[in-house]
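Residue numbers (the working numbering), protein chains in the order written: chain A, -15 to 196; chain B, -15 to 196. For each residue, glycine too, the CB sits at the ideal point set by N, CA and C. As structure tokens, the structure follows; a few thoughts come after it.
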DNA sequence: CGTTTTAGTCAACACTTGTTCACTGAAAAG
DNA sequence: CTTTTCAGTGAACAAGTGTTGACTAAAACG
């Protein structure tokens, strides 16, 4: 990569980071301005246009990045969990919460903008969430009791799980930095919820085809 | 009520409605301005201060109103459902979707601002959601298979249900006005999810006290 | 080397923003 | 009937906004 291109990518990074930092402390991407971002990035407002056509485009780039990173995290977690053989809900949730805390900005961004962002960003995040669901679904397939479940049902379960842990992330991020008793309660509740979901899932196959 | 007070409440309404309308079409409360609201309400910017100290205060008033209305809706739904004797998931979900569509603005506001709004609004919505969860939990208690469940567990289940139908509302609201096949799929998926949750819930009691 | 390309700068634009203050005119109070 | 109260007005403010176009200096190119 040429020196010039290299430097360009550097300020592009600065812009993305600046936008992330500004949205991180509970502000909402749709309420940060172009000028704020460039100020935070230490660059003049007009420089922005050398990298993005408008704020929406920056937003999409952020979704891409964050989605990519979160998928990576999920994959690592998957490898760690694979050794366990079973689902090991409690330790998975603990690990997840750790990831949420160490990747504060990313989780905060995706969880907030999923429903609260500008339309185009919201759509992009929704797409990203579908990827998560897809990956989780194929993971669940490896879990023996669910091996023969129809794909649609597996997807529906993965969906439920993803939403559950998303709300957990949102709640965790509202808490102060330190690990409190409240965090412990949130974790316990989520563990119970997931356990209940998998309890239902095991029953599900025998319930298949029921209609009324 | 005096004539003057009556008129005051009228423009207060206009302000609240204006704010609602502006946030309704996917904008996010934190991105609407005081002047936009007064313009939409057909009143001069400074008149705003006769009713609210700042935008946050308006936001809180909105949360109050919307929360109140949604609780009313929930109660009506509860009465309708009480006759059925069992939970009747499918028809409940259909009824719910109908309510979502006929109260577009309210649902859109609460679902979006729950995670995406300004901190003080977010908190207020969270509180409101806790009320929903509480009411649902005591409803579930009337459902025989769950009658003897510890309150904490019932709460955890109610939480799961509320979050599930919240995401359903969010997805429904992204769809065009007309009833599409996509809507049918969303409903089907949610029905399955709820059915699975209650399947797990029935098992849950026998699983009580399990630890590891 | 000289020429071209281009990331970032600078000044300026037309607007929008939240908030102030003194004001008006009609309803309420005496 | 006179006086007081006060919801809504209108003008003005300092500050912030997105976007324009011409300019600079350094890297890339031939």
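Starting from the C-beta of residue 19/B, find all residues in its chain whose C-beta is less than 6 Å away, skip the five residues before and the five after it, and write them out in chain order.
29
Only counting the same chain, and skipping five residues up and downstream in sequence, which positions put a Cβ closer than 8 Å to that of residue 143/A?
117
Nearest by alpha-carbon distance to residue 166/B: which of 53/B, 39/B, -13/B, 81/B is it?
81/B
Please list the partners that residue 137/B has in chain A, where partner means a Cβ-to-Cβ separation under 8 Å.
Neighbours of residue 137/B on chain A, chain order: 176.
To which residues of the same chain is residue 115/B closer than 8 Å at the C-beta, ignoring the five residues directly before and after it?
51, 55
If you run the structure through DSSP and keep just helix, strand and coil, what is residue 176/A?
The three-state reading of DSSP puts residue 176/A in helix, counting H, G and I together.
Less than 8 Å between the C-beta atoms of residue 105/B and residue 13/B, yes or no?
Yes, they are a contact pair.
Taking the straight line between their C-alpha atoms, what separation do you get for residue 27/A and residue -4/A?
10 Å
Does any residue of chain B have a CB that is nearer than 8 Å to the CB of residue 7/A?
It does not; no Cβ of chain B falls within 8 Å.
When you compare the stretch 137 to 155 of chain B with the stretch 178 to 185 of chain B, are there three or more beta-carbon pairs, one atom per stretch, that lie closer than 8 Å?
yes
Report the residue from 43/A, 146/A, 87/A, 3/A whose alpha carbon sits nearest the alpha carbon of residue 107/A.
43/A
Enumerated in chain order, which unbroken segments of the alpha helix (DSSP H) with a length of 4 residues or greater are wholly contained in the stretch 21 to 84 of chain B?
39 to 66
Assuming residue 84/B contacts residue 171/B under a Cβ cut-off of 8 Å, what Cβ separation, rounded to an integer in Å, is found between them?
In fact, because the Cβ distance is near 11 Å, the residues do not count as touching under 8 Å.
So within the stretch 100 to 188 of chain B, which uninterrupted alpha helix (DSSP H) runs reach at least 4 residues, ignoring any that extend past its ends?
103 to 125, 135 to 158
Using a Cβ-Cβ cut-off of less than 8 Å, give me the residues of the stretch 17 to 33 of chain B that come near chain A, in sequence order.
none
Taking Cβ-Cβ distances shorter than 9 Å, what residues in chain B pair up with residue 187/A?
180, 183, 184, 186, 187
Under 8 Å, CB to CB, which of the residues in the stretch -13 to 15 of chain B have a partner in chain A?
10, 11, 12, 14, 15
Pull out every residue of the stretch 141 to 152 of chain B whose Cβ sits closer than 8 Å to any Cβ of chain A, in chain order.
141, 143, 144, 147, 148, 151
So, does the CB of residue 173/B fall closer than 8 Å to a CB anywhere in chain A?
yes
Residue 9/B by DSSP, collapsed to three states: which one?
coil
Compute the distance between the beta-carbons of residue 119/A and residue 47/A, then report whether it is under 8 Å.
no
Should residue 60/A be labelled buried (16 or more other beta-carbon atoms within 10 Å of its own) or exposed?
Around the Cβ of residue 60/A, a 10 Å sphere holds fewer than 16 other Cβ atoms; the residue is exposed.
Ignore the nearest five residues each way along the sequence and tell me which others in residue 145/A's own chain have a CB closer than 7 Å to its CB.
120, 178, 181
Considering only their Cβ atoms, is the gap separating residue 157/B from residue 91/B smaller than 8 Å?
yes
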